[in-house]
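Final position of the sequence shown in this note's numbering is 83; the numbers increase by one with none missing.
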Amino acid sequence: MSYKIGAGQGAEKSDRANHPNAQIATKLRALYLSVQEEAIPDRFLDLLEKLDAVERQSVTDVAE
Numbered sequence: 020m021s022y023k024i025g026a027g028q029g030a031e032k033s034d035r036a037n038h039p040n041a042q043i044a045t046k047l048r049a050l051y052l053s054v055q056e057e058a059i060p061d062r063f064l065d066l067l068e069k070l071d072a073v074e075r076q077s078v079t080d081v082a083e
């Protein structure tokens with residue numbers, strides 16, 4: 020059995036950072052953060068408001 024001494028742990032971390040899955044994860048994280056910071060388009064908000072109005076109307080119609 021052999022043990023790494025000293026810089027071995029740092030080398031393992033850099034190996035993981037260079038692994039293709041780690042690179043994909045980093046890029047996906049960056050994409051998610053950029054999308055999360057984007058504003059919601061006004062057109063989409065208008066559609067959501069219309070949907071809420073239709074849902075409220077259908078609840079009122081059912082209650083009567």
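Ideal Cβ placement from N, Cα and C applies to all residues, glycine included.
Simplified DSSP state of residue i, which is helix, strand or coil
i: Glu57; result: coil
Backbone CA spacing between residue i and residue j [nearest angstrom]
i: Arg75; j: Ala82; result: 11 Å
i: Ala41; j: Ser53; result: 18 Å
i: Ala36; j: Leu50; result: 18 Å
i: Val73; j: Asp61; result: 19 Å
i: Thr45; j: Gln55; result: 15 Å
i: Asp80; j: Phe63; result: 26 Å
i: Ile59; j: Leu66; result: 12 Å
i: Ser77; j: Lys69; result: 12 Å
Sequence-distant residues of the same chain with beta carbon closer than 8 Å to residue i, five excluded per side
i: Asp71; result: none
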